[in-house]
Each structure stands twice: as C-alpha cells, then as structure tokens.
Amino acid sequence: MIFPMNLKQVFGHVRNSKLTLLAGFLASSILYSLASPQAGPQNAPVEQKPPASVQSKSSSSRRLPNAGLPASARQYYQLTFGVDNLSVKSVESGSMLRFSYHVLNAAKAQALNDKKATPYLYDLKSRARLEVPSMEKVGQLRQSSPVQDGRTYWMVFANQQRLVKAGSRVDVVIGPFRAQGLLVE
22 MIFPMNLKQV
32 FGHVRNSKLT
42 LLAGFLASSI
52 LYSLASPQAG
62 PQNAPVEQKP
72 PASVQSKSSS
82 SRRLPNAGLP
92 ASARQYYQLT
102 FGVDNLSVKS
112 VESGSMLRFS
122 YHVLNAAKAQ
132 ALNDKKATPY
142 LYDLKSRARL
152 EVPSMEKVGQ
162 LRQSSPVQDG
172 RTYWMVFANQ
182 QRLVKAGSRV
192 DVVIGPFRAQ
202 GLLVE
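Numbering (our numbering), first residue to last: 22 to 206.
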C-alpha cells in the first residue's frame with residue numbers, strides 16, 4: 022500500500038493546525054476583551070439616595086403594611102382604638118391567618134386585648150367566620166401580655182378549610198372593635 026505522505030508528515034501537519042487554531046483563538050479573545058466595555062467600578066452607575074424625608078416614609082410603609090386601607094380609615098383606627106398598621110397575612114400555607122396591629126395608645130387599644138371578647142374574622146365573599154383556635158396546653162393563639170405603647174401584637178385565626186385566600190377582603194371583630202375591608206396578603 023502506498024501512502025501519499027508518511028505518518029510523520031501527517032502528524033506534523035495536524036500539530037501545526039492545532040497551534041494555528043490556538044493562536045487564532047487567543048488573538049480573537051484578546052481583541053474581543055479590548056473592544057468590549059469594561060465592567061468595573063469606573064463605569065458602574067452611581068446610586069442616588071432619595072432625600073431623608075422620602076426615604077424614611079417609603080421604608081416605614083414597606084415595614085408596616087396598611088392592609089389596603091384608605092388614609093381616613095387608618096386615621097379612624099388611630100384616634101378611636103389607638104392602633105395602626107392593621108394587617109392580615111396568610112400563613113402556614115393558608116391554613117391560618119395572622120392579624121397584627123401596632124399599638125399607639127395602650128389605653129384605647131385595651132378593647133383588642135380583652136380576653137372576654139371573642140375575636141372573629143369574617144370573609145366578605147365566602148361568608149366564612151373564623152375564630153382564634155385554642156390549644157390544649159397553650160391556650161388561645163393570641164398574645165395575652167398587657168398592652169404597651171409602641172409594640173406590635175398579633176392573633177391567629179384558623180383557616181383549615183382554606184375558605185379565605187390571599188387577596189380576599191375581611192373584617193376583624195373583637196368586642197367593640199371592628200376593622201372592615203382588610204386585604205389578606
């Protein structure tokens with residue numbers, strides 16, 4: 022059998038091709054990196070912070086939800102019951118709803134902490150009435166410590182059948198206190 026080239030010539034040719042390919046790849050990589058814009062701190066956009074008054078207002082509204090209440094309703098709850106930042110959140114995969122509120126005036130907020138008053142949560146759409154569950158060893162799933170100014174309190178309503186879903190509007194009733202149209206988050 023006669024080969025046009027011997028093996029040494031064939032492998033030498035392949036070796037030269039590999040070196041040429043490697044050199045071409047390195048040259049194109051260098052050219053590409055020089056042509057593309059540098060991604061470093063020199064070209065990074067500078068973040069501008071809003072003024073302190075705007076910043077504090079937006080950060081407080083993120084921290085403390087208002088459950089979709091209009092300003093007049095929030096003012097009513099502040100003046101009448103001494104509470105603010107009412108919220109209802111779906112927790113434990115929707116099997117419970119957590120109602121929380123921030124106390125501004127402990128004397129006025131006593132109505133929400135009254136152990137004799139049974140708290141209810143009403144869903145306006147499904148007409149469901151949920152109660153605070155009572156555990157055998159723990160008691161009711163609500164805070165029982167005396168109300169203090171500046172603290173946030175909560176209670177949990179059982180939603181085992183998941184009748185109330187995120188996005189629903191609910192009312193929370195505790196004795197004379199009635200929060201209407203709270204948005205479930």
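Each residue gets a CB set at the ideal place from its N, CA and C atoms; glycine is no exception.
Values in this document were obtained by computation on a predicted structure and should not be read as measured data.
By Cβ distance, which residues of its chain are closer than 7 Å to residue i, with the 5 residues on each side in sequence left out?
| i | result |
| --- | --- |
| Gln99 | Asp105, Leu125 |
| Ala130 | Phe102, Gly103, Val104, Val124, Val168 |
| Pro197 | Ala132 |
| Arg150 | Tyr141, Tyr143 |
| Asp170 | Val124, Leu125, Asn126, Ala127 |
| Ala138 | Ile195, Gly196 |
Quick one: what's residue i bridged to in DSSP?
| i | result |
| --- | --- |
| Leu203 | Val191 |
| Tyr12 | As shown, the chain starts at 22 and ends at 206. That puts residue 12 outside it, with no answer to give. |
| Ser166 | Note: Ser166 sits in no beta bridge, so no partner. |
| Val112 | Met117 |
| Ala179 | Met117 |
From this set, the options, which residue's C-alpha is nearest residue i's C-alpha?
| i | options | result |
| --- | --- | --- |
| Thr101 | Lys136, Leu184, Asp144, Ala200 | Ala200 |
| Phe178 | Ser93, Asp192, Ala130, His123 | Asp192 |
| Lys110 | Gly202, Ala187, Ile195, Pro197 | Ala187 |
| Gln164 | Gly89, Leu133, Leu145 | Leu133 |
| Leu145 | Gly196, Ser189, Leu90 | Ser189 |
| Ser155 | Arg95, Leu107, Lys136, Ala127 | Lys136 |
| Ala127 | Val153, Tyr141, Tyr174, Gln181 | Tyr174 |
| Ser121 | Arg172, Leu151, Asn180, Leu184 | Arg172 |
| Val194 | Leu107, Arg183, Val112, Met117 | Leu107 |
For the alpha helix (DSSP H) containing residue i, list its first residue and its last residue.
| i | result |
| --- | --- |
| Leu100 | 92-102 |
Leaving out five residues on either side along the sequence, give the residues of the same chain with a beta carbon under 8 Å from the beta carbon of residue i.
| i | result |
| --- | --- |
| Arg148 | none |
| Ser82 | With a pLDDT of 41 at Ser82, under the threshold of 50, the modelled position of this residue cannot be trusted; read the value that follows with caution. For Ser82, where only same-chain residues beyond five positions count, there are no Cβ hits under 8 Å. |
| Ala94 | Gln201, Gly202 |
| Val205 | Val109, Lys110, Ser111, Leu118, Val185, Lys186, Ala187, Gly188, Ser189, Arg190, Val191 |
Leaving out five residues on either side along the sequence, give the residues of the same chain with a beta carbon under 6 Å from the beta carbon of residue i.
| i | result |
| --- | --- |
| Ser79 | The predicted model places Ser79 with a pLDDT of 42, which falls under 50 and marks its position as unreliable; any figure quoted below should be read in that light. So the list is empty, once near-sequence residues are dropped. |
| Gln181 | Ser116 |
Original post:
Can you list, in chain order, the stretches of the beta strand (DSSP E) that have 3 or more residues and sit fully within the region 133-162?
Top reply: 140-144, 150-152
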